[in-house]
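Chains as they are written, first to last, in the working numbering: chain H, 1 to 373; chain R, 1 to 608.
Every residue, glycine too, gets a C-beta built ideally from N, C-alpha and C.
The structure presented is a predicted model; accordingly, all values stated were derived computationally and were not measured.
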Amino acid sequence: MAHAYTPGLKVTNRMAHTIVRMLPIKGDVMVQVGDSVNADKIVAATYMPGDVYPLNMANLLAVPPKDVASLMLQKEGGKVTVGEPLAETAGLFGKFKKIYKSPYTGTIETVSEVTGQVILRGPDIPVEVKAYVTGKVTAVNPEIGCTIETDVAFIQGIFGIGGETCGPIKLAVQNCDETVTAENITADMKGCVVIGGARLTEGAIEAARKAGAVALIGGGMDDQDLKEFLGYDLGVAITGSEKKGITVIVTEGFGDIAMATRTFTLLKRFEGQEASVNGATQIRAGVMRPEIIIPLEAGDCEEESEHAGGYLDIGLPLRIIRDPYFGMLGKVKALPHDPHVLGSGSKARVLEVELTSGESVIVPRANVELIEA
Amino acid sequence: MTLDLENINVILATDCGSTTTKAILIEKVDGEYRQTYRGEAPTTVEKPFANVTIGVTNSVTEIAELADRKLTNEDGTIKQPAADGDGCDLYISTSSAGGGLQMMVAGVIAEMTAASAKRAALGAGAIVMDVISTNDKRRPHEQIQRIRELRPDMILISGGTDGGTTEKVVQLAELIAPAKPQPRFGSEYEMPIIFAGNKMAADEVEATLQEDWIDLAVVENLRPKLEQENLGPARDKIHDVFLEHVMAHAPGYDMLMDWAGAPIMPTPGAVGDILQTIAKKENINVVGVDIGGATTDVFSVFDETFNRTVSANLGMSYSISNVCAEATMPNVLRWVHFDMDERQLRNRVKNKMIRPTTIPQSLESLIFEQAVAREALRLAYKQHKEFATTLKGVQQQRTVGDTFSQQTAGNTIVNNMTLNLLVASGGVLSHAPSMNQTAMMLVDAFEPEGCTNLAKDSIFMMPHLGVLSAVHPEAAAQVFERDCLVYLGTCIAAKGIGKLGKPCFSWTLSGDVNASGDCAFGDIELIELGPEQTATILCEPVRGFDLGAGNGKKITHEVRGGTVGIIIDGRGRPLGLPEERQNCQQTIAQWVENMALYKETEQAVVTA
């Protein structure tokens with residue numbers, strides 16, 4: 001193998017970013033090509049068919065299924081409200097009629113002669129899709145959605161919880177290696193995307209949520225703190241739908257780990273500017289990482305090729321991402337060709353890393369990621 | 001396409017997994033099919049490549065370099081047929097890339113037709129996202145809500161024996177029609193629905209599901225009678241639909257299907273096929289396990305009945321955190337013979353989850369991962385035993401003789417005492433630094449009883465051989481026997497519980513190795529018997545212990561050696577560990593020493 005490729009997360013000063021905003025089902029697109037949109041702008045809207053309530057009318061009225069249709073007071077397509085009589089039996093000599101009142105408001109969708117089941121459809125549910133990122137509409141897919149393009153500073157996190165939100169960037173600490181505690185959270189962070197340095201404590205997350213911050217971003221967090229904040233032990237990394245009132249993103253990993261200097265410097269540089277963030281993470285087929293998007297004005301930041309992994313080479317800076325050296329920084333000192341027997345007894349291809357302390361250690365190539373200089 | 005099996009000398013097979021595409025080359029050497037070279041490359045079904053054939057070509061190129069044989073044309077396609085030392089005569093493939101085949105199934109009664117439908121879907125290699133039935137304790141509107149939330153690739157509806165209920169079956173269709181589940185391939189995709197229920201209800205189901213977004217197929221009832229399952233037609237239809245709809249929407253698969261000389265199969269379906277072939281050929285009961293990063297698949301063939309389960313969130317990387325949550329950390333740590341800080345461990349587990357490709361560097365880290373693997377395997381096997389049952393809903397005819405041994409329907413058919421072969425595959429088992437570690441993980445998690453052969457899939461080629469067995473059974477069987485399985489040895493374990501240190505069973509080994517001894521309750525020991533060696537073992541259990549012939553009855557068994565040897569396991573079944581932590585650590589430390597689990601590791605590290 002000529003090259004050893006190592007993964008990395010995207011952190012870039014400036015890049016052209018395209019985002020597609022789509023409705024789950026067909027509806028109305030409310031923007032046109034060329035429109036400038038803010039993150040909060042509703043770009044498409046529709047109504048989802050309402051909830052479905054099956055009612056086994058044959059059982060409820062104690063009649064054969066084939067009789068149900070004739071006993072319905074409203075036919076298919078008819079609308080009913082809660083408490084309104086829905087079906088009525090003939091009774092005996094016009095007396096002892098059994099009346100069934102609708103438990104829901106909605107429209108009668110079907111009446112089955114086979115099962116005697118009535119399908120009642122509740123009121124339509126409105127669905128709105130926001131622009132999420134400030135930019136320009138470059139394409140419209142009629143009835144489906146639109147494409148928005150803009151130049152952005154873009155940062156991928158490693159793990160997050162909570163969905164899309166946006167707000168101005170505000171720093172909670174001044175250095176990338178500072179732990180964020182509740183004391184670092186202030187009342188003026190309401191509506192802000194708050195930036196921490198190293199570990200986010202559970203107290204800090206709770207305080208940020210109470211202060212009304214829309215997002216909190218840090219280098220790492222303890223899994224125990226995540227469990228306490230969520231109220232359950234997260235088993236599988238498919239997140240984004242948590243309703244905790246705040247989006248939380250860690251950029252480096254779990255534990256006490258400082259945010260990468262470049263990431264922190266980039267966020268610090270844009271303090272006060274609006275950022276769109278999404279904590280949704282999916283580490284499976286179709287990998288999805290949390291993101292922080294900062295729309296830029298022309299001349300805000302020089303263009304730069306993105307950084308997202310690459311080939312290991314002598315002298316390149318890296319971070320070790322597995323114990324026993326988890327979180328340590330260094331640079332590639334040597335790339336021995338032959339596999340090496342690790343402390344675990346496994347044979348694997350390794351590299352020699354010169355840590356920032358000057359010490360040299362041997363690490364499997366799978367356990368490092370390249371970082372920026 | 002008809003294949004001329006006589007003239008097939010070079011076979012190329014790939015398995016497109018979620019993360020890695022693995023290719024193997026099979027060649028006819030001295031009149032026998034042998035696996036000769038292998039290559040692998042990252043799967044390229046995701047962006048930026050979004051074309052599965054790129055990964056296939058890369059993995060095949062690796063083989064081509066090793067074998068010095070040109071296997072691809074200039075345009076990247078597979079060179080077929082073989083000529084002048086280049087190309088191959090047959091190319092086949094399996095796939096689980098892009099999340100595999102995801103299905104929702106429905107049946108009238110959860111324990112009967114819905115269970116049969118689930119078995120059909122799992123047997124075909126699908127991941128079953130949910131099972132809807134009229135008695136699943138959810139209210140109809142909750143069921144509809146659930147159907148709406150799911151994004152399956154296809155739906156299988158069963159229900160009613162032939163001539164049985166029509167109404168309940170139509171009711172199921174009436175839940176699905178208004179729910180209109182959104183397929184994951186976008187709104188233009190027609191949702192394939194297979195109806196394999198009461199044939200008398202087919203017309204009414206068809207009328208209920210007459211929607212433009214549905215592509216309905218009706219096949220034979222998968223449970224025509226309560227006492228009979230007929231899973232074949234439904235399973236075949238699932239495979240057809242998988243190829244026609246699901247694969248056709250996956251990036252690059254149209255091209256891959258053109259290349260392949262046989263239909264592309266879902267990976268787990270292919271593994272199931274090869275295990276069934278072998279169980280039938282050898283007339284044995286087999287359990288196979290494949291523990292991956294996200295899921296653990298368990299396959300079993302007992303008395304020719306095949307079952308497969310997928311434990312969707314039990315795995316060693318993507319799902320490692322879920323294993324720890326489901327098993328609980330104390331249960332994981334009971335397999336570790338030294339102290340570890342739980343808060344720090346939790347962070348390590350999550351870091352493995354978010355960076356799934358990292359590998360354990362330290363021995364401590366490896367021991368912890370193997371502890372997690374034991375719990376993942378144990379939980380997956382427990383789920384499998386609960387699922388692999390005799391048919392429920394069958395009326396039992398009992399006589400007076402059954403008074404004291406009444407067997408109810410729905411009992412598990414998995415019987416560790418009659419298990420002949422336990423096959424391991426998947427990273428943590430296949431790549432363990434020592435085979436003793438692989439064997440011990442299997443024994444601790446599956447708790448085999450009596451005499452059980454242990455083996456591992458050398459380079460995870462069971463999927464390739466599964467699809468090959470459909471087109472060239474002879475080649476598949478030859479490669480399976482000679483190159484696929486690495487025999488670890490045989491485990492001799494007594495069922496029963498006794499007092500620590502008291503006699504459990506005595507044993508005498510005669511043949512290529514001659515030895516004898518007494519095994520006390522709580523002990524485990526290892527006897528060397530090499531891969532090509534065999535012997536006869538005579539075991540005499542004390543009262544209260546069973547080795548397969550009954551309580552306290554002696555057994556004689558031909559045993560096969562292996563890279564590990566013969567494991568004499570007197571720890572009892574069910575396997576119990578001391579609850580007190582210190583005591584538990586001492587017990588595990590003793591087992592680790594007796595089984596020489598990490599001795600080689602320590603030596604290797606010192607030598608290196």
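Query - Candidates ASN283/R, PRO268/R and CYS324/R, of which the one nearest VAL298/R by Cα - result: Here residue 298/R refers to the residue found at position 298 when the second sequence is read from its first residue. Relative to the Cα of VAL298/R, the nearest Cα in the group ASN283/R, PRO268/R and CYS324/R belongs to PRO268/R.
Requested in this report: Check whether the Cβ atoms of ASN285/R and PHE306/R sit closer than 9 Å, and answer yes or no.
Outcome: Counting from 1 along the second sequence, the entry for residue 285/R is found at position 285. Counting from 1 along the second sequence, the entry for residue 306/R is found at position 306. In this structure, PHE306/R does not lie closer than 9 Å to ASN285/R by Cβ.
Query - Interface partners of ILE63/R on chain H, CB under 7 Å - result: Residue mapping note: residue 63/R aligns to position 63 of the second sequence, counting from 1. Within 7 Å Cβ-Cβ: nothing; ILE63/R doesn't reach chain H, min ~14 Å.
Requested in this report: Pick helix, strand or coil for LYS268/H, following the three-state DSSP scheme.
Outcome: As a first step, residue 268/H must be located in the first sequence, where it is residue number 268. Helix, per DSSP.
Query - is_contact[VAL363/H, chain R] using C-beta, thresh 9 Å - result: Counting from one through the first sequence, the residue named residue 363/H turns up at place 363. So yes, VAL363/H belongs to the interface.
Query raised in the report: If you pair each beta-carbon of the region 156-174 of chain R with each one of the region 225-235 of chain R, do three or more pairs fall below 8 Å?
Result: yes
Report task. Whole angstroms is fine: what's the gap from VAL467/R's alpha carbon to GLY450/R's? Result -> Here residue 467/R refers to the residue found at position 467 of the second sequence. Here residue 450/R refers to the residue found at position 450 of the second sequence. Looking at the two C-alpha atoms, the distance is approximately 33 Å.
Requested in this report: To the nearest angstrom, report how far apart TYR5/H and SER357/H are at their CA atoms.
Outcome: Indexing the first sequence from 1 puts residue 5/H at position 5. Indexing the first sequence from 1 puts residue 357/H at position 357. Caution applies to TYR5/H, whose pLDDT of 45 falls short of 50 and renders its modelled position unreliable; the value that the coordinates give is listed next. Computed Cα separation, rounded: 25 Å.
Report task. At 3 residues or longer, and completely inside the region 282-318 of chain R: list those beta strand (DSSP E) runs for me, N to C. Result -> 286-291, 296-302 and 305-311
Requested in this report: Mind checking the region 198-224 of chain R against chain H and listing, in chain order, the residues whose C-beta falls within less than 9 Å of any C-beta there?
Outcome: ALA201, GLU204, ALA207 and THR208
Query raised in the report: Who does HIS557/R pair with in a DSSP beta bridge?
Result: Looking up residue 557/R in the second sequence gives position 557. In DSSP, HIS557/R forms a bridge with ILE537/R.
Query raised in the report: For the beta strand (DSSP E) that contains GLU164/H, what are its first and last residues?
Result: Counting from one through the first sequence, the residue named residue 164/H turns up at place 164. Residue range 164-171 is occupied by the beta strand (DSSP E) that includes GLU164/H.
Query raised in the report: Is the region 320-332 of chain H in contact with the region 363-372 of chain H, if contact means three or more CB pairs nearer than 8 Å?
Result: yes
Requested in this report: Identify whether GLU88/H lies in helix, strand or coil by the three-state DSSP scheme.
Outcome: Locating residue 88/H in the first sequence gives position 88, where the first residue counts as 1. Here GLU88/H sits in strand by DSSP.
Query raised in the report: On the three-state DSSP scale, how would you describe TRP213/R?
Result: Translated into positions along the second sequence, residue 213/R becomes position 213. Reduced to three states, the DSSP call for TRP213/R is coil.
Query raised in the report: Of all Cβ atoms in chain R, is any one closer than 9 Å to the Cβ of ASN141/H?
Result: Against the first sequence, residue 141/H aligns to sequence position 141. Answer no: the Cβ-Cβ gap between ASN141/H and chain R never drops below 9 Å.
Query raised in the report: Expressed to the nearest angstrom, what Euclidean distance is found between the alpha-carbon atoms of GLY107/R and PRO140/R?
Result: Reading the second sequence from its first residue, position 107 is the one you call residue 107/R. Reading the second sequence from its first residue, position 140 is the one you call residue 140/R. If I take the Cα positions, the gap works out to 14 Å.
Query raised in the report: Identify the residues that DSSP records as bridge partners of GLY218/H: which are they?
Result: Here residue 218/H is taken as the residue at index 218 of the first sequence, counted from 1. Bridge partners of GLY218/H: VAL250/H.
Query raised in the report: Span of the alpha helix (DSSP H) holding ASN428/R?
Result: Here residue 428/R refers to the residue found at position 428 of the second sequence. Residue 428/R is actually Val in this sequence, not Asn. It spans 427-430 - the alpha helix (DSSP H) in which VAL428/R sits, taken as one unbroken run.
Query raised in the report: Tell me, which residues are paired with GLU40/R by DSSP?
Result: On the second sequence, residue 40/R is found 40 positions in, with the first residue counted as 1. Bridge partners of GLU40/R: LYS22/R.
Requested in this report: Check THR277/R in the structure and name its three-state DSSP category.
Outcome: As a working mapping, residue 277/R is identified with position 277 in the second sequence. Correct three-state label for THR277/R: helix.
**Report entry** Under 9 Å between C-beta atoms of GLU62/R and GLY85/R
**Finding:** In the second sequence, counting from the first residue as 1, residue 62/R sits at position 62. In the second sequence, counting from the first residue as 1, residue 85/R sits at position 85. Cβ distance not < 9 Å, so GLU62/R and GLY85/R don't count as in contact.
Query raised in the report: Who are the neighbours of ASN367/H on chain R, taking C-beta pairs under 8 Å?
Result: Along the first sequence, one-based indexing puts residue 367/H at 367. Near ASN367/H (Cβ distances below 8 Å), the residues of chain R are THR358, ILE359 and GLN361.
Query raised in the report: Which term fits GLY196/H, buried or exposed, when burial requires 16 or more other beta carbons within 10 angstroms of its beta carbon?
Result: Counted from its first residue, the first sequence places residue 196/H at position 196. It is buried - the Cβ of GLY196/H has at least 16 other Cβ atoms within 10 Å.
Query raised in the report: Once you ignore the five residues that flank ALA614/R on each side, which residues in its own chain have a CB closer than 8 Å to its CB?
Result: Here chain R comprises residues numbered 1 to 608, so residue 614/R is not present and cannot be evaluated.
Report task. Please list the residues of the region 216-244 of chain H that have a C-beta atom closer than 7 Å to any C-beta atom in chain R, keeping them in chain order. Result -> ASP222, ASP223, GLN224, ASP233, LEU234, GLY235, VAL236 and ALA237
Query - Identity of the residue in GLU481/R, ASP546/R and VAL289/R nearest LEU422/R by Cα - result: Numbered from its first residue, the second sequence carries residue 422/R at position 422. Among GLU481/R, ASP546/R and VAL289/R, the Cα nearest to that of LEU422/R is on VAL289/R.
Query raised in the report: Cβ of THR403/R less than 9 Å from any chain H Cβ?
Result: Residue 403/R sits at position 403 when you count from the first residue of the second sequence. Its pLDDT being 46, under 50, THR403/R is placed unreliably in this model, and the coordinates cannot settle the point.
Query raised in the report: Hey, quick one: how far does the alpha helix (DSSP H) through GLN143/R stretch, first residue to last?
Result: For the purposes of this step, residue 143/R is identified with residue 143 of the second sequence, where counting begins at 1. Its alpha helix (DSSP H) spans residues 140-149.
Query raised in the report: Mind checking if LYS333/H is an interface residue toward chain R, Cβ cutoff 9 Å exclusive?
Result: The residue labelled residue 333/H in the question sits at position 333 within the first sequence. By this cut-off, LYS333/H is not an interface position.
Query - Which listed residue (ARG334/R, SER365/R, HIS337/R and VAL310/R) has its alpha carbon closest to that of VAL349/R - result: The residue given as residue 349/R occupies position 349 in the second sequence. Distance from the Cα of VAL349/R is smallest, within the candidate group ARG334/R, SER365/R, HIS337/R and VAL310/R, for SER365/R.
Query raised in the report: Which residues in the same chain have their Cβ closer than 6 Å to the Cβ of THR179/H, if we skip the five residues on either side of it in sequence?
Result: For the purposes of this step, residue 179/H is taken as residue 179 along the first sequence, with counting starting at 1. Only ALA198 and ARG199 meet the Cβ criterion.
Query raised in the report: What residues match up with ALA334/H in a beta bridge as DSSP calls it?
Result: In the first sequence, residue 334/H corresponds to position 334, counting from 1. According to DSSP, which records beta bridges pairwise, ALA334/H is partnered with GLU352/H.
Query raised in the report: Counting along the chain, where does the beta strand (DSSP E) carrying ALA201/R start and finish?
Result: Stepping through the second sequence from its first residue, residue 201/R is reached at position 201. Taken as a continuous stretch (DSSP letters only), ALA201/R belongs to no beta strand (DSSP E), as it is neither H nor E.
Report task. Would you please state the rounded distance, in angstroms, between the beta carbons of LEU610/R and ALA126/R? I believe it to be under 8 Å. Result -> With chain R covering only 1 through 608, there is no way to say anything about residue 610/R.
Query raised in the report: From the DSSP output, which residues share a beta bridge with HIS245/R?
Result: If you number the second sequence from 1, residue 245/R lands on position 245. Its beta-bridge partners do not exist; DSSP assigns none.
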